[in-house]
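Presented below is the structure to which this report refers.
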Amino acid sequence: MFHRSTSTGPNASSEGHRRWSMGLLYDNVVESEPAKDGLVVLGLYNRGDYGTGHGWSSAHSVAWNYASGDGVAVIQRPPTAQNYAIGGSGTFSGDKPPAPFDQPAGYIEGSNQAGLVPESLYERQLAERLCGR
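Residues 225 to 357, numbered by this note's numbering, are exactly what the sequence shown covers, in order.
Structure follows, in structure tokens:
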């Protein structure tokens, strides 16, 4: 889980490593410096035969209120699973390109719109668990 974090000067995408990392949460992460033009800064996607057959970077993962800056957040849907982008700002896509392999888009909702509630998924779930509210 990455919470209220800032990424400066990205040179590669943030993603799980090899074969179906599960349950990643990027909550209020901000890309603060310009990325290389069109750089994928967040990859919840299929990497196919990259490396030693890395396959899907993640499954059942969420980008919540993620700010992709000048880069692109790629959200794709793995077979039997889903990846999500809820709220946030910038460019979100499931298409090839910028995704390295053609796969169905993940669930993308409410990007570039104000008023996401809750602002932080992690903080809301933590409050419910600790305080029952």
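Where a beta carbon is used, it is the ideal one built from N, C-alpha and C, also for glycine.
Owing to the predicted nature of the structure, the values given are computational and were not obtained by experimental measurement.
How big is the Cα-Cα spacing for residue i and residue j?
i      : j      : result
Thr230 : Ser238 : 12 Å
Gln337 : Arg242 : 32 Å
Leu345 : Val265 : 21 Å
Asp351 : Trp288 : Sequence inspection shows Ala at residue 351; the Asp mentioned does not correspond to that position. For Ala351 and Trp288, the distance between alpha carbons rounds to 17 Å.
Phe316 : Gly339 : 18 Å
Met225 : Ala309 : 14 Å
Ile332 : Pro321 : 17 Å
Met246 : Phe325 : 19 Å
Taking the alpha helix (DSSP H) that residue i falls in, what are its first and last residues?
i      : result
Tyr346 : 345-355
Between which two residues does the beta strand (DSSP E) harbouring residue i extend?
i      : result
Val360 : With the chain represented from 225 up to 357, any question about residue 360 goes unanswered, as that position is not in the structure.
Gly314 : 313-317
Asp251 : 249-251
Ala309 : 307-310
What do you reckon, are the CB atoms on residue i and residue j nearer than 8 Å?
i      : j      : result
His227 : Asp251 : yes
Val298 : Leu263 : no
Since residue i contacts residue j with CB under 8 Å, what's their CB separation in whole angstroms?
i      : j      : result
Ala291 : Gly312 : 6 Å
Asn270 : Gly279 : 7 Å
Gly198 : Gly293 : This structure leaves residue 198 out entirely; the chain is present only between 225 and 357.
Open item on the list: Which complete beta strand (DSSP E) runs does the stretch 258-286 hold, if anything under 3 residues is left out?
Closed with: Fully enclosed beta strand (DSSP E) runs of no fewer than 3 residues occupy 264-268 of the stretch 258-286, in order along the chain.
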